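Participant: Before I ask anything, here is the structure I am working with.
Numbering (this note's numbering), first residue to last: 190 to 327.
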């Protein structure tokens, strides 16, 4: 199997960090939480699923405290309707989250991981800017 492929059998969070660093992404590894902090236009995190079959990307945005629940849910619905490559939701604290999965089963190239991550980092702020009609995102 090519050294450029990451699979559930070969991937580690350290290997993902190395891939990001080689692509000049600004990252730090939180060894305790086993996740990578990515600091680009948006602050995001990357972590492996327990089975190591998925690399999960997540980003969070605060929402103004006085924003109504219906406005929060309408924002999420607009984002999910217009941006099918990423998923948005509201967490228990009422904040906005985004996620995206890179499937590793069968192998994925390091280049594909970087490209998927860059697309996620580009789409998240764009989705907020285009879909936050009520200006509820902090």
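Note that the Cβ used here is the ideal one computed from N, Cα and C, for glycine as well.
None of these values were measured; they are calculated from a predicted model.
#1: With burial defined as no fewer than 16 other Cβ atoms inside 10 Å of the residue's Cβ, what is the status of residue 259: buried or exposed?
#2: Enumerate, from N- to C-terminal direction, the unbroken beta strand (DSSP E) stretches of 3 or more residues contained entirely within the segment 257 to 314.
#3: Where are the beta strand (DSSP E) runs, 3 residues long or more, that stay fully inside the segment 191 to 234, in chain order?
#4: Could you tell me the distance, in whole angstroms, from the CA atom of residue 237 to the CA atom of residue 296?
#5: Between the beta-carbon of residue 197 and the beta-carbon of residue 242, is there less than 8 Å?
#6: Would you call the CB atoms of residue 293 and residue 195 closer than 8 Å?
Facilitator: If we stick to the structure as given:
#1: Taking the chain shown and counting its residues from 1, the one referred to as residue 259 is at position 70. So residue 259 counts as exposed.
#2: 276 to 279 and 285 to 292
#3: 216 to 219 and 224 to 228
#4: Your numbering for residue 237 matches position 48 in the chain shown. Your numbering for residue 296 matches position 107 in the chain shown. Roughly 14 Å separates the two Cα atoms.
#5: What you label residue 197 is simply residue 8 of the chain shown in a count that begins at 1. What you label residue 242 is simply residue 53 of the chain shown in a count that begins at 1. Their beta carbons are under 8 Å apart, which means residue 197 touches residue 242 by this criterion.
#6: Here residue 293 corresponds to residue number 104 of the chain shown, with the count starting at 1. Here residue 195 corresponds to residue number 6 of the chain shown, with the count starting at 1. Cβ distance < 8 Å, so residue 293 and residue 195 count as in contact.
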